[in-house]
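Engineer: For the sequence shown, my numbering gives the first residue as 9, with consecutive numbering after it.
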Amino acid sequence: MPDQIIRIIPECYADTTLAQFFIKDPNPVDHEQGIHNVARAMKEAGEFDAIVVGIIDNDKTNTPTYFDSFETIDDTQYLTLKKHSTATQFIIVIKPKAVEQFFLDNAAEVSIRVEDYGFPGDVRKLRKLTKKESIKSNPDFQRLLSDLHTRQAPGFLTLERILNDLITT
């Protein structure tokens, strides 16, 4: 890990659990509830000697104006990486729309049925489960994340690469 402090700010419990899956030290992961709270926390962090990474859903209708100062530096099927114009701040935007669809699409890519893990295959029903804090300690969800990673789901590989690049830079 670099000398710089890194702070990861996900917007929901599923994003938080996903970030903690890849970053074994939970200390830099600072959950904020909702995209506007992520923006507020990032804005408050300012340009301190830290790398700040927000993880948000692709919410085109509700994007805080603070994120207007971020430019796209990497864009893939499942994730967009944006960098702030002056601060050492980044946003990882989960696509196509929300983290639940990200899970379902990545599971389909590697022939995993989320139903085999006790989760509904419908994005709205899945969202009801992933919005609860209990998802962080759900062993079936942890197993799903592990299997998606083991089977090299493309969005998982991309997220892991981006986080590793930001942490080791």
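Every residue gets a Cβ at the ideal spot worked out from N, C-alpha and C, and that includes glycine.
1) Between F29, I170, P72, which has its C-alpha nearest L153's C-alpha?
2) In terms of residue numbering, what span does the alpha helix (DSSP H) encompassing K90 cover?
3) For I17, collect the residues of the same chain with a Cβ closer than 6 Å to its Cβ; drop the 5 residues on either side in sequence, then sort them by chain order.
4) Hey, how far is the Cα of D83 from the Cα of D67?
5) So the candidates are I99, K91, T94, R135; which of them puts its Cα closest to the Cα of L112?
6) Could you say which of K133, D130, R121, I81 lies nearest to D155 if we only look at CA atoms?
7) When we look at the beta-carbon of K105 and count the other beta-carbons within 10 Å, is it buried (16 or more) or exposed?
8) Is the CB-CB distance between I102 and T25 below 8 Å?
9) Rounded to the nearest angstrom, what separates I99 and D130 at their Cα positions?
10) What residues in its chain sit with their C-beta under 6 Å from that of Y74, if we drop five residues either side in the sequence?
11) For A58, report the span of its beta strand (DSSP E) as first-last.
12) Where do the N-terminal and C-terminal ends of the beta strand (DSSP E) with E79 fall, by residue?
13) What does the Cβ neighbour count give for A115, buried or exposed, with the cut at 16 atoms within 10 Å?
14) I'd like to confirm the pairing. Which residues does DSSP put opposite P18 in its beta bridges?
15) Which partner residues of Q109 appear in the DSSP bridge assignment?
Structural biologist: Reading from the atomic positions:
1) Along the sequence shown, read from residue 1 onward, the residue named residue 153 stands at position 145. For L153, the nearest C-alpha among the options comes from F29.
2) Start at 1 with the first residue of the sequence shown, and residue 90 comes out as number 82. Looking at the DSSP string, K90 is not in any alpha helix (DSSP H); the run it does join, the beta strand (DSSP E), is 87-92.
3) Working through the sequence shown from its first residue, we reach residue 17 at position 9. Closer than 6 Å at Cβ, skipping near neighbours: D38, E40, V46, A49, G62.
4) Counting from one through the sequence shown, the residue named residue 83 turns up at place 75. Counting from one through the sequence shown, the residue named residue 67 turns up at place 59. Whole-angstrom Cα-Cα distance: 16 Å.
5) Taking the first residue of the sequence shown as position 1, residue 112 is located at position 104. Comparing Cα positions, the closest option is R135.
6) For the purposes of this step, residue 155 is taken as residue 147 along the sequence shown, with counting starting at 1. Comparing Cα positions, the closest option is R121.
7) Position 97 of the sequence shown, counted from the start, is the residue given in the question as residue 105. K105 is exposed by the Cβ-count criterion.
8) As a first step, residue 102 is located in the sequence shown; it is residue number 94 there, counting from the start. As a first step, residue 25 is located in the sequence shown; it is residue number 17 there, counting from the start. No, these two residues do not count as a Cβ contact at 8 Å.
9) One-based indexing of the sequence shown puts residue 99 at position 91. One-based indexing of the sequence shown puts residue 130 at position 122. Cα to Cα, I99 sits roughly 27 Å from D130.
10) Residue 74 sits at position 66 when you count from the first residue of the sequence shown. If we look at Y74 and ignore the five residues flanking it on each side, its Cβ neighbours are A47, K51.
11) To locate residue 58, count along the sequence shown from 1; it is residue 50. Counting along the chain, the beta strand (DSSP E) containing A58 begins and ends at 58-65.
12) Along the sequence shown, one-based indexing puts residue 79 at 71. 78-83 is the extent of the beta strand (DSSP E) around E79.
13) Translated into positions along the sequence shown, residue 115 becomes position 107. Its Cβ being crowded by 16 or more others within 10 Å, A115 is buried.
14) For the purposes of this step, residue 18 is taken as residue 10 along the sequence shown, with counting starting at 1. DSSP, once it has assigned bridges, lists I63 as partnering P18.
15) Counting from one through the sequence shown, the residue named residue 109 turns up at place 101. Answer is none; Q109 lacks a bridge partner.
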